[in-house]
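Taking this note's numbering as reference, the numbering of the sequence shown is continuous, increasing by one, and the terminal residue is 396.
In what follows, a single structure is set out as structure tokens and then discussed.
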Amino acid sequence: MIEVDCYICKSSKKEHYDSENGHNIVKCMECGLLYLNPRPEQSEINEASKSGMHKGDELLKVTGKFKEYLKIDYLSKLNDFSYAVMFSEGKRISWLDIGCGHGEFVETLANFGGKNIDIIGLEPNIKKLEGARERGMDIKFFDLTTHQDKYDVISALNVYSHLPNPPEDIAKWCDMLNEGGELLLQTGDSAELTAEFHHKPYSLPDHLSFTSRKLLVELLENLGMEVLQVETYRMGQYPVFSALELLKEIARFFLPGHVATFQFFPKYPDIDMWIRAKKISK
Ligand SMILES: [Zn+2]
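This is the structure in structure tokens:
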């Protein structure tokens with residue numbers, strides 16, 4: 115384990131925020147970022163992201179399986195962000211989805227873009243990668259730090275919190291964009307919440323930090339991106355109350371490997387943040 119400072123403002127001033135699974139989250143007293151401290155070494159993080167196993171009080175298993183229902187959800191997000199306009203121009207769009215998991219978003223995009231999209235997924239977890247390939251998707255794993263290809267769009271859904279140093283990683287993604295290229299990011303907008311109202315579990319040490327809309331917009335602008343659109347949605351882990359959802363939560367409670375929150379009425383449900391940003395031409 116290593117002691118780290120805030121990767122946004124570099125401040126070492128921090129206060130305890132909350133604990134879970136034998137790990138601590140601290141809050142940066144300068145900018146408000148929430149981050150895991152101390153945290154596993156880089157080599158351990160790399161290994162964990164490949165295998166899906168994380169060390170804590172309990173070994174956290176995060177492999178899961180392809181979730182068909184996510185495709186409906188992703189399709190409605192693509193419509194909210196008017197991506198049909200991009201594909202109606204008849205130009206072939208190259209799109210890289212980083213941390214594509216089982217490939218739900220890749221499959222949604224392949225259907226959405228049709229012949230106008232070249233979609234590649236990047237996934238370090240071997241089990242997820244193999245599963246997605248079996249479904250016929252173009253999924254690879256390569257080292258982004260030495261990757262030379264450029265793309266029109268790079269998306270990273272639910273990746274931010276797993277990154278050891280987001281400013282560094284996102285800067286690299288921006289370099290990988292063609293002129294006028296775009297990023298689409300999804301992460302929680304939760305750093306401004308008190309621990310009482312933060313969504314749980316935090317999934318430590320799988321998640322390394324939690325940001326806010328303000329911090330992420332500033333980060334993107336500092337990297338020369340223009341933020342085009344930000345939307346927030348109800349967090350997936352907060353079910354909308356109905357008899358069926360109540361039964362599903364009860365099932366999740368008893369099924370191993372599932373998490374039931376029973377949080378039908380959280381105080382801050384709409385913290386699932388999506389950001390679309392464009393590279394400003396130099
Ligand atoms: Zn800070």
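We treat Cβ as the ideally placed atom computed from N, Cα and C, and that holds for glycine.
Just so you know, these numbers come straight off a predicted model, no measurement behind them.
With a 10 Å radius around its C-beta and 16 neighbouring C-beta atoms as the bar for buried, classify T308 as buried or exposed. By 1-based counting over the sequence shown, the position of residue 308 is 194. Burial check for T308: the Cβ neighbour count within 10 Å stays below 16, so the residue is exposed.
Nearest-angstrom Cα separation, counted from P154 out to M115: Translated into the one-based positions of the sequence shown, residue 115 becomes position 1. Translated into the one-based positions of the sequence shown, residue 154 becomes position 40. Whole-angstrom Cα-Cα distance: 4 angstroms.
Between the beta-carbon of S275 and the beta-carbon of L243, is there less than 8 angstroms? Within the sequence shown, the letter at position 161 stands for residue 275. Within the sequence shown, the letter at position 129 stands for residue 243. Not a contact, by the Cβ cut-off of 8 angstroms.
Assumed close pair D58, R348 - CB separation to whole angstroms, cut-off 8 angstroms: With the chain running from 115 to 396 in the structure shown, residue 58 is simply not present.
Excluding the five sequence neighbours on either side, which residues of its own chain have a C-beta within less than 7 angstroms of the C-beta of L147, listed in chain order? Working through the sequence shown from its first residue, we reach residue 147 at position 33. C120, I122, A305, S323, T325 and L329, listed in sequence order.
Could you tell me which residues DSSP pairs with N135 in its beta bridges? Here residue 135 is taken as the residue at index 21 of the sequence shown, counted from 1. DSSP lists no partner for N135.
Taking DSSP as the reference, what is the three-state secondary structure of G338? The residue labelled residue 338 in the question sits at position 224 within the sequence shown. G338: coil per DSSP, three-state reduction.
Give the C-beta separation of V220 and I233 to the nearest angstrom, bearing in mind that I take them to be a contact with Cβ-Cβ under 8 angstroms. Walking along the sequence shown from the start, residue 220 turns up at place 106. Walking along the sequence shown from the start, residue 233 turns up at place 119. Confirmed, about 6 angstroms.
Which stretch, first to last residue, makes up the beta strand (DSSP E) that contains M397? The requested residue 397 does not occur in the structure, where the chain is confined to residues 115 to 396.
Confirm, please, whether the CB-CB distance from Y265 to S208 is below 8 angstroms. Here residue 208 refers to the residue found at position 94 when the sequence shown is read from its first residue. Here residue 265 refers to the residue found at position 151 when the sequence shown is read from its first residue. Cβ distance < 8 angstroms, so S208 and Y265 count as in contact.
Contact set for F195: own chain, Cβ-Cβ below 8 angstroms, skip 5 residues either direction: Stepping through the sequence shown from its first residue, residue 195 is reached at position 81. Closer than 8 angstroms at Cβ, skipping near neighbours: L298, Q343, E345, W388 and R390.
For E296, the first and last residue of its enclosing beta strand (DSSP E): Position 182 of the sequence shown, counting from 1, holds the residue named residue 296. Segment L291 to G302, the beta strand (DSSP E) holding E296.
For T222, does the count of other Cβ atoms within 10 angstroms reach 16, so buried, or fall short, so exposed? Taking the sequence shown and counting its residues from 1, the one referred to as residue 222 is at position 108. Label assigned to T222: buried.
What span of residues does the alpha helix (DSSP H) with G227 cover, start to end? Your numbering for residue 227 matches position 113 in the sequence shown. Its alpha helix (DSSP H) spans residues E218 to G227.
Taking the C-alpha atoms as reference points, what is the distance between K254 and S269? Here residue 254 refers to the residue found at position 140 when the sequence shown is read from its first residue. Here residue 269 refers to the residue found at position 155 when the sequence shown is read from its first residue. So the two alpha carbons sit approximately 15 angstroms from each other.
Beta carbon of S275: closer than 7 angstroms to some heavy atom of ligand 1? Within the sequence shown, residue 275 is the residue found at index 161, counting from 1. No, ligand 1 has no heavy atom inside 7 angstroms of this Cβ.
Thinking C-alpha only, which one of D384, E161, P383 and S126 is nearest P238? On the sequence shown, residue 238 is found 124 positions in, with the first residue counted as 1. Residue E161 is the option with its Cα nearest to P238.
List the residues that DSSP assigns as beta-bridge partners of F324. Residue 324 sits at position 210 when you count from the first residue of the sequence shown. Looking at the DSSP assignment, F324 forms a beta bridge with L148.
Rounded to a whole number of angstroms, what is the C-alpha to C-alpha distance between E289 and G228? Residue mapping note: residue 289 aligns to position 175 of the sequence shown, counting from 1. Residue mapping note: residue 228 aligns to position 114 of the sequence shown, counting from 1. Reading the sequence as shown, one finds Asp at residue 289 and not Glu. Roughly 26 angstroms between the two C-alpha positions.
What do you reckon, are the CB atoms on K124 and K141 nearer than 8 angstroms? Against the sequence shown, residue 124 aligns to sequence position 10. Against the sequence shown, residue 141 aligns to sequence position 27. In this structure, K141 does not lie closer than 8 angstroms to K124 by Cβ.
Using CA coordinates, which residue listed in G217, H312, W287 and K185 is at the minimum distance from D384? Position 270 of the sequence shown, counted from the start, is the residue given in the question as residue 384. Comparing Cα-Cα distances from D384 to each of G217, H312, W287 and K185, the minimum goes to H312.
Below 6 angstroms CB to CB, which residues in the same chain sit around D283 once its five sequence neighbours on both sides are set aside? As a working note, residue 283 is residue 169 in the sequence shown. Result list for D283: L277, in chain order.
Taking the runs of the beta strand (DSSP E) that are 3 residues or longer, which of them lie wholly in the segment 229-262? 231-236
Which stretch, first to last residue, makes up the alpha helix (DSSP H) that contains S190? One-based indexing of the sequence shown puts residue 190 at position 76. Its alpha helix (DSSP H) spans residues Y183 to D194.
Identity of the residue in P319, P315 and F368 nearest P350 by Cα: In the sequence shown, counting from the first residue as 1, residue 350 sits at position 236. Per the sequence shown, the amino acid found at residue 350 is Gly instead of Pro. Among P319, P315 and F368, the Cα nearest to that of G350 is on P315.
beta-carbon S304 near ligand 1 non-hydrogen atom, thresh 7 angstroms: As a first step, residue 304 is located in the sequence shown; it is residue number 190 there, counting from the start. No - ligand 1 has no heavy atom lying nearer than 7 angstroms to the Cβ of S304.
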